[in-house]
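**Student:**
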Amino acid sequence: MRTFNVIVERDPDAGFFVGSVPCWPGAHSQGATFDELEKNLREVIAMILEDGELHITDPFFAFYLRGGQLGD
């Protein structure tokens with residue numbers, strides 16, 4: 020199982036959660052809920068790894084919040 024660090028922010032205007040994967044520039048997604056964001060980011064990472072030697076089956080995400088706590 021691989022661990023990927025993800026930076027999560029909440030858009031103050033739209034209320035959406037926005038996440039990015041620092042180790043892959045351009046790897047980002049959004050979701051109306053935290054769970055939706057996690058699902059979307061899992062898909063993004065799976066697509067990135069699809070063509071490489073590394074394959075992911077059940078990634079673990081370490082979420083780090085920047086600029087507030089979840090639910091703010």
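Take the sequence shown: its letter number 58 is residue 77 in this note's numbering, and every next letter is one higher.
Glycine residues also receive a C-beta, built at the ideal position from the N, C-alpha and C atoms.
Expressed to the nearest angstrom, what Euclidean distance is found between the alpha-carbon atoms of A51 and R21?
**Tutor:** Straight-line Cα distance between these residues: approximately 25 Å.
**Student:** Would you call the CB atoms of S39 and A33 closer than 8 Å?
**Tutor:** No, the pair does not count as a contact, with Cβ atoms beyond the cut-off.
**Student:** Within the continuous beta strand (DSSP E) that includes F35, where are the two ends?
**Tutor:** That residue, F35, is in no beta strand (DSSP E); it is neither H nor E in DSSP.
**Student:** Between the alpha carbons of L56 and E62, how many angstroms are there, rounded?
**Tutor:** L56 and E62: Cα-Cα distance of roughly 10 Å.
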